[in-house]
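Enquirer:
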Amino acid sequence: MASGFIIFGWLDDESCKAGSGATKKSVVRKVSGSEDFQISNTTTTRMSKIEKTIQRQQQKIEEGQYYEAHQQLRVIASRYVKQGNNDAAIDILFSGAQLLLKAGQGGSGGDLCLFLVDVFNKAELKPDAASKGKLLTLLRSFPPEEPTRKRFVSEMVGWSAKFGEFPAGDPELHHVAGTLYAEDGEPYDAERHLVLGTKDSPEHLARLEYDWYTEDESHTAPLYAARAVLPYLLLGNVRAANKSFLLFTSRLSQSKPNLGVQEVTSASSDLRIYPSLPLLNFLGLLLLAVQRGAPDLFRQLKSHYGVHLKDVGTWSEALDSIGEMYFGIKIPKQGNPLFDMMGSMLMGGMGGSQKPKARKAEAPLPAPGLD
């Protein structure tokens, strides 16, 4: 006898006309459950097949057969992709990449990571919590010195830009990449990602810039503060610009009490004035002018600090764009100066020392969302 499910139901009044006289009566019906069991068994079989595949490759990796495991994982994943079974391919690639990266095989693991992003693109997968979680888990598993890591970051950000809601890439992906680069002493890469990160990114960027500044001369503080403030302003993120400036200057005041900082308080704002650091004062007043939307104050600042601004000529294009964005002061259009300027600023064009030595810093888990 075939097994099945027992279904209880009721017959309505019309169905009971020839029956026992009851207005309703219960009935018991047995139906075959073979179709349901077949679906369940198919899913179980598929999962057990994938698990067995991963277990076999894990054994090879534990035995040091890295090349064989890498090639077989690639072939199996490719087969699933050709069959249109992207979920199975993703499971294979994610687990295989984890195993290889954990075994110190950055090249082979990185190759499977890139393959995984390619499957995400072909499947037109949205950057939701599950898909991003897989990528970030793998990113954190990369050895810092593995060259494939930068390409993986670029590919995953590109995927999130294509299928997500943020044209410049998902902020959480940027944040985690930026914090990892900061930990590994890669300030230029860290800056590029943190300025496009989450609401937690300004804290990490301010810390990066200040730590970098401590390896330079004392009077260069404004150059490092500007590397956070100006890019955030150019991207329209005034809150992040203010937060990074406040964090940077607070740490500066605490670590250098001999600077002779003057606190200026008014009904609408509080300012720290640094008599020995005029360009730092300029940045603080620039932020105040932006918040007030005061073009006259902006012009006065550029005039008053003109001599000092000439010493950092690389700020001029940024300030011109800020003048147009926030105060309606038109500048001549030549190509796409914003992208050229951002590239220059985030590749050392705004002042600062050479790349600092690698350092380790605490990196809290990211919180998604732009300000």
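The sequence shown begins at 237 in the numbering used here and counts up one residue at a time.
Glycine is no exception: its CB is placed at the ideal position from the N, C-alpha and C atoms.
1. Starting from the C-beta of L337, find all residues in its chain whose C-beta is less than 6 Å away, skip the five residues before and the five after it, and write them out in chain order.
2. List the whole-angstrom C-beta distance separating F330 from L352, where the pair is believed to meet the contact cut-off of C-beta under 8 Å.
3. Tell me the DSSP secondary structure of I328 in three-state form.
4. Out of S557, A554, Y562 and D420, which has the shortest C-alpha to C-alpha gap to V526?
5. How big is the Cα-Cα spacing for T278 and T434?
6. Note down the Cα distance separating V543 from D354, rounded to an integer number of angstroms.
7. Kindly indicate which three-state DSSP category I567 falls into: helix, strand or coil?
8. Please check the pair A477 and L469, which I expect to be a contact at CB under 8 Å, by giving their CB distance rounded to whole angstroms.
9. Could you check where the beta strand (DSSP E) with D506 kicks off and where it finishes?
10. Can you tell me whether T230 is buried or exposed? The criterion is at least 16 other CB atoms within 10 Å of its CB, across all chains shown.
11. Alpha carbon to alpha carbon, how far is F399 from G320? Give it in angstroms, no decimals.
12. By Cβ distance below 6 Å, which residues in the same chain neighbour N357 in space, the five residues on each side in sequence not counted?
13. Taking three-plus beta-carbon pairs below 8 Å as touching, is the region 401-418 in contact with the region 428-443?
14. Hey, could you find the ends of the alpha helix (DSSP H) V497 is sitting in?
15. Can you check whether the CB of F388 is closer than 8 Å to the CB of L335?
16. Do A461 and E451 have their beta-carbon atoms positioned less than 8 Å apart in this structure?
17. In chain order, which alpha helix (DSSP H) runs of at least 4 residues are fully inside the region 435-495?
18. For the alpha helix (DSSP H) that contains T384, what are its first and last residues?
19. Could you give the distance in angstroms between the alpha-carbon of M392 and the alpha-carbon of R385?
20. Whole-angstrom Cβ separation of Y316 and A324, contact assumed at under 8 Å?
21. CA-CA distance, Y417 and L348?
22. From the DSSP output, in three-state form, read off Y541 for me.
23. For the candidate residues L516, D364, I286 and L459, whose alpha-carbon lies nearest to that of G332?
24. What is the DSSP secondary structure of S367, counted as helix, strand or coil?
25. By the three-class DSSP mapping on this structure, what secondary structure does K362 have?
26. Using 8 Å as the threshold, is the C-beta distance between A554 and L466 below it?
27. In terms of alpha-carbon separation, which member of A442, L513, I567 and L523 lies closest to D547?
28. So for P379, helix, strand or coil by DSSP?
29. Starting from the C-beta of G340, find all residues in its chain whose C-beta is less than 8 Å away, skip the five residues before and the five after it, and write them out in chain order.
30. Looking only at its chain, what residues have a beta carbon closer than 6 Å to the beta carbon of Q498, apart from the 5 residues adjacent to it on each side?
31. Below 8 Å between beta carbons: does that hold for L537 and L522?
32. Determine the direct distance from the alpha carbon of S284 to that of K421, and round the result to whole angstroms.
Expert: Judging by the given coordinates:
1. Mapped onto the sequence shown, residue 337 falls at position 101. Excluding sequence neighbours, L337 sits near G345 and S377.
2. If you number the sequence shown from 1, residue 330 lands on position 94. If you number the sequence shown from 1, residue 352 lands on position 116. Sure, about 6 Å apart at Cβ, within 8 Å.
3. Locating residue 328 in the sequence shown gives position 92, counting from the first residue. Correct three-state label for I328: helix.
4. The count along the sequence shown starts at 1 and reaches residue 526 at position 290. Among S557, A554, Y562 and D420, the Cα nearest to that of V526 belongs to Y562.
5. Counting from one through the sequence shown, the residue named residue 278 turns up at place 42. Counting from one through the sequence shown, the residue named residue 434 turns up at place 198. Caution is warranted here: a pLDDT of 48 is assigned to T278, below 50, making its placement in the model unreliable, and the coordinate value is therefore given only provisionally. Whole-angstrom Cα-Cα distance: 42 Å.
6. The count along the sequence shown starts at 1 and reaches residue 543 at position 307. The count along the sequence shown starts at 1 and reaches residue 354 at position 118. Going by the C-alpha atoms only, they are around 52 Å apart.
7. As a working mapping, residue 567 is identified with position 331 in the sequence shown. In this structure, I567 counts as coil in the three-state DSSP scheme.
8. For the purposes of this step, residue 477 is identified with residue 241 of the sequence shown, where counting begins at 1. For the purposes of this step, residue 469 is identified with residue 233 of the sequence shown, where counting begins at 1. Confirmed, Cβ separation roughly 5 Å.
9. By 1-based counting over the sequence shown, the position of residue 506 is 270. Here the beta strand (DSSP E) through D506 covers D506 to I509.
10. Residue 230 is absent from the structure shown; the chain starts at 237 and stops at 607.
11. To locate residue 320, count along the sequence shown from 1; it is residue 84. To locate residue 399, count along the sequence shown from 1; it is residue 163. A straight line joining the alpha-carbon of G320 with that of F399 spans about 19 Å.
12. Working through the sequence shown from its first residue, we reach residue 357 at position 121. These residues qualify, in order along the chain: W395.
13. Yes: at least three Cβ pairs fall under 8 Å.
14. Taking the first residue of the sequence shown as 1, we reach residue 497 at position 261. Segment: none, V497 is in no alpha helix (DSSP H) and carries neither H nor E.
15. Working through the sequence shown from its first residue, we reach residue 335 at position 99. Working through the sequence shown from its first residue, we reach residue 388 at position 152. Going by C-beta atoms, L335 is not nearer than 8 Å to F388.
16. The residue labelled residue 451 in the question sits at position 215 within the sequence shown. The residue labelled residue 461 in the question sits at position 225 within the sequence shown. No, Cβ-Cβ distance for E451 and A461 is not below 8 Å.
17. 437-449, 457-470 and 474-491
18. Here residue 384 is taken as the residue at index 148 of the sequence shown, counted from 1. Run containing T384: T384 to F399, per the alpha helix (DSSP H) assignment.
19. Along the sequence shown, one-based indexing puts residue 392 at 156. Along the sequence shown, one-based indexing puts residue 385 at 149. Rounded to the nearest angstrom, the two C-alpha atoms are 11 Å apart.
20. For this step, residue 316 is matched to residue 80 along the sequence shown. For this step, residue 324 is matched to residue 88 along the sequence shown. The pair is a contact, with the Cβ atoms about 4 Å apart (cut-off 8 Å).
21. Here the question's residue 417 lines up with position 181 in the sequence shown. Here the question's residue 348 lines up with position 112 in the sequence shown. Using only the alpha carbons, I get a separation of about 21 Å.
22. The sequence position of residue 541 within the sequence shown is 305, counting from 1. If DSSP states are grouped into helix, strand and coil, Y541 belongs with coil.
23. Here residue 332 corresponds to residue number 96 of the sequence shown, with the count starting at 1. Nearest C-alpha to G332: I286.
24. As a position in the sequence shown, residue 367 is number 131, starting the count at 1. Of the three classes helix, strand and coil, the one that applies to S367 here is helix, per DSSP.
25. Walking along the sequence shown from the start, residue 362 turns up at place 126. Correct three-state label for K362: coil.
26. Here residue 554 refers to the residue found at position 318 of the sequence shown. Here residue 466 refers to the residue found at position 230 of the sequence shown. Yes. Within cutoff.
27. The sequence position of residue 547 within the sequence shown is 311, counting from 1. D547 has its Cα closest to that of L513, out of A442, L513, I567 and L523.
28. Walking along the sequence shown from the start, residue 379 turns up at place 143. Coil at P379, not helix or strand.
29. In the sequence shown, counting from the first residue as 1, residue 340 sits at position 104. Within the same chain, G340 has close Cβ partners P379.
30. Counting from 1 along the sequence shown, the entry for residue 498 is found at position 262. Around Q498: I509.
31. For the purposes of this step, residue 537 is taken as the residue at position 301 of the sequence shown. For the purposes of this step, residue 522 is taken as the residue at position 286 of the sequence shown. Yes, the pair counts as a contact, with Cβ atoms nearer than the cut-off.
32. Counting from one through the sequence shown, the residue named residue 421 turns up at place 185. Counting from one through the sequence shown, the residue named residue 284 turns up at place 48. Correcting the residue type first, residue 421 is Gly in the shown sequence and not Lys. Distance between the alpha carbons of G421 and S284: 43 Å.
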